[in-house]
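Written out below as structure tokens is the structure these notes cover.
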Amino acid sequence: MSALVLVIACILATAVGYRLLGAVPSLLHTPLMSGMNALSGITVLAALLAAVESPTPLGRALASVAVALAMVNVTAGFVVTHRMLRMFKGGSAKETA
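When the letters of the sequence shown are read in order and numbered with the numbering used here, they come out as residues 4 to 100.
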């Protein structure tokens, strides 16, 4: 694929995602975040596969950076979701995270 096609696909995906997420009611934000955490997990698997399959050291390095960043995204997503769900429990029950 040419770079122009990839840039156009990225712009279209960003625009469609923005429009779709803007239409989601507030009550569905927590389930949507959980779904995004699952999607980020798939991104980690794809980055791991890219790291294994890459024939060049630069490709392996870039894929390793992608794995690290995707894992940060997954971890932060689960932490934020956990905090949001803890808010809904109410009461004086404090959990240690």
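Just so you know, even glycine gets a beta-carbon here, dropped at the ideal spot from N, CA and C.
query: Pick from Ile45, Leu42, Ser67, Gly44: whose alpha carbon is nearest that of Val55?
result: Nearest C-alpha to Val55: Ser67.
- request: For Met74, collect the residues of the same chain with a Cβ closer than 8 angstroms to its Cβ; drop the 5 residues on either side in sequence, then sort them by chain order.
  value: Val47
- request: Can you give me the Cβ contacts of Ser37 inside the same chain, cut-off strictly under 7 angstroms, excluding the 5 residues immediately before and after it?
  value: Thr84
Between the CA atoms of Gly20 and Ser64 - distance to the nearest angstrom: For the record, residue 64 in the displayed sequence is Ala; it is not Ser. One C-alpha to the other measures close to 29 angstroms.
query: Among Cys13, His32, Ile14, which one has its Cα closest to the Cα of Leu88?
result: His32
query: Nearest-angstrom Cα distance between Pro58 and Leu52?
result: 12 angstroms
Alpha carbon of Phe81 to alpha carbon of Met90, nearest angstrom: 14 angstroms
- prompt: What alpha helix (DSSP H) runs, 4 residues minimum, are completely inside the region 46–100?
  reply: 60–92
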